[in-house]
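Enquirer: Under the numbering used here, think of the first position of the sequence shown as 428, with each following residue one higher.
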Amino acid sequence: MRGLSFKKALFVLAALSPLLGTAVVAAQSAGWSIGDDYTKVYTDPGTTDLNLYSVGDLNMTAQHIRMVGNDGNFEFENGNGISRFNSYVRGTATRTPIIIGGGDSQNVVGLMLDSGATQTADILQIRKNGSTGQLMTAIDANGGIRSSSTLNLSASTGINLTANHLKLVGNDGNLELQSTSGSTRLNSYVAGSTTRNSIIIGGGDTQNVTSLVVDSGSTQTADILQLDKNGSVLTAFDSQGRLRLNGITVELKVISGNLEWVATMPDGSLRYSKFSTRP
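1. Comparing alpha-carbon positions, which option in Leu551, Thr470, Gly695 lies nearest Gly674?
2. Applying the criterion that 16 or more other CB atoms from any shown protein chain within 10 Å of the CB defines a buried residue, is Arg493 buried or exposed?
3. Using three-state DSSP, classify Asp632 as helix, strand or coil.
4. Give me the Cα-Cα distance between Thr519 and Asp484, rounded to the nearest whole angstrom.
5. Given this structure, state the Cα-to-Cα distance separating Val660 from Lys594, to the nearest angstrom.
6. How long is the line joining the alpha carbons of Val677 and Lys701, rounded to whole angstroms?
7. So, are the CB atoms of Asp642 and Asp665 less than 8 Å apart?
8. Using 8 Å as the threshold, is the C-beta distance between Gln552 and Leu538 below it?
9. Alpha carbons only, please: which of Arg517, Ala582, Thr523, Arg612 is nearest the one belonging to Ala489?
10. Need the endpoints of the beta strand (DSSP E) that Phe501 sits in, please.
11. Whose CA, out of Leu479, Val640, Thr475, Asn556, lies closest to the CA of Tyr465?
12. Buried or exposed: which applies to Gly713, given that a residue is buried once 16 or more other Cβ atoms fall within 10 Å of its Cβ?
13. Ends of the beta strand (DSSP E) at Arg554?
14. Taking the C-alpha atoms as reference points, what is the distance between Asp498 and Val536?
15. Mapping the DSSP letters down to three states, classify Ala618 as helix, strand or coil.
16. For Ala450, count the other beta carbons within 10 Å of its own beta carbon; 16 or more makes it buried, fewer makes it exposed. Which is it?
17. Flag this pair as yes or no: are the beta carbons of Thr514 and Ile527 separated by less than 8 Å?
18. What are the complete beta strand (DSSP E) segments, minimum 3 residues, inside the region 554-580?
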């Protein structure tokens, strides 16, 4: 058996400490050690730090483990540049989730991630396959959310985005609204109420641009725009840009040198009306 076991070293230290008294205090400047090169309890010269050392694993087992740091700092050090924190079912290799906070009725923040005032690196990274693996999602130094591919936000009911100014940026110029009902309804409400108000597209500055363009495919045959009331189409612009009112399609044509209104009736028949020539 090589020297004292780690458990025996702790026992001996606890038993002798009342007897050593001032002798232990005097020995602090030189440091002391109980154990051997495999398991030991020791102090470094000139310090009051107590060190526990084991060549192999250091196992602590108790009904409840409490660690107290008077300055509030708990540090994990390692030799490979990253610390991995896992939870396992006792005595097995079965890993379990780690819960931070909770377990009582206290109303406190469960987890706070801090950073320096001048930090530019991410505050949080969620990766797949280790510290050098694929970056899935990150929170940058400004608190912004970043994803390496597609960032999905999902909720069983609603998602509420609230800000003084809300900006959506699509680098390819495409902003898509998807639904499972076959249509998407866009409404505007007074904040915090069910009072609906108007939606204004464009304006609000002095830029001279077209406020709204309704586009269609080159082979489209469906209407480009419809104005409905309770599901009934009142007015529409068809795939050729012609105006349709109450089922009658109206367009302007030049016929035999004359400018005429041409109306296509619901049954397909045509009606004509010439513009008179001013004398």
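Don't be surprised by glycine CBs; every beta carbon is placed ideally from N, CA and C.
Model, not experiment: these values are computed from the prediction.
Expert: In short:
1. Locating residue 674 in the sequence shown gives position 247, counting from the first residue. Minimum Cα distance to Gly674 is reached at Gly695.
2. For this step, residue 493 is matched to residue 66 along the sequence shown. Classification of Arg493: exposed, given that the 10 Å Cβ count is below 16.
3. On the sequence shown, position 205 is the one that residue 632 refers to. Three-state result, Asp632: coil.
4. As a first step, residue 519 must be located in the sequence shown, where it is residue number 92. As a first step, residue 484 must be located in the sequence shown, where it is residue number 57. Rounded to the nearest angstrom, the two C-alpha atoms are 15 Å apart.
5. Looking up residue 660 in the sequence shown gives position 233. Looking up residue 594 in the sequence shown gives position 167. So the alpha carbons of these two residues sit roughly 33 Å apart.
6. In the sequence shown, the residue the question calls residue 677 occupies position 250. In the sequence shown, the residue the question calls residue 701 occupies position 274. Distance between the alpha carbons of Val677 and Lys701: 13 Å.
7. The count along the sequence shown starts at 1 and reaches residue 642 at position 215. The count along the sequence shown starts at 1 and reaches residue 665 at position 238. It is not a contact, given that the beta carbons lie outside the stated cut-off.
8. For the purposes of this step, residue 552 is identified with residue 125 of the sequence shown, where counting begins at 1. For the purposes of this step, residue 538 is identified with residue 111 of the sequence shown, where counting begins at 1. It is not a contact, given that the beta carbons lie outside the stated cut-off.
9. The count along the sequence shown starts at 1 and reaches residue 489 at position 62. Ranking the options by Cα distance to Ala489, first place goes to Arg517.
10. Translated into positions along the sequence shown, residue 501 becomes position 74. First-last for Phe501: undefined, no H or E at that position.
11. Counted from its first residue, the sequence shown places residue 465 at position 38. Answer by Cα proximity: Leu479.
12. Here the chain has residues from 428 to 706 only, and residue 713 is not among them.
13. Your numbering for residue 554 matches position 127 in the sequence shown. Arg554 -> beta strand (DSSP E) spans 551-555.
14. The residue labelled residue 498 in the question sits at position 71 within the sequence shown. The residue labelled residue 536 in the question sits at position 109 within the sequence shown. Between Asp498 and Val536, the C-alpha separation is close to 19 Å.
15. Within the sequence shown, residue 618 is the residue found at index 191, counting from 1. Three-state DSSP puts Ala618 in coil, outside helix and strand.
16. For the purposes of this step, residue 450 is taken as residue 23 along the sequence shown, with counting starting at 1. For Ala450, the pLDDT reaches just 47, beneath the cut-off of 50, and the residue's location in the model is therefore unreliable, although a value from the coordinates is still provided. It counts as exposed.
17. Translated into positions along the sequence shown, residue 514 becomes position 87. Translated into positions along the sequence shown, residue 527 becomes position 100. The question names Thr, yet the displayed sequence has Ser at residue 514. The answer is no: Cβ separation not under 8 Å.
18. 561-566, 572-574
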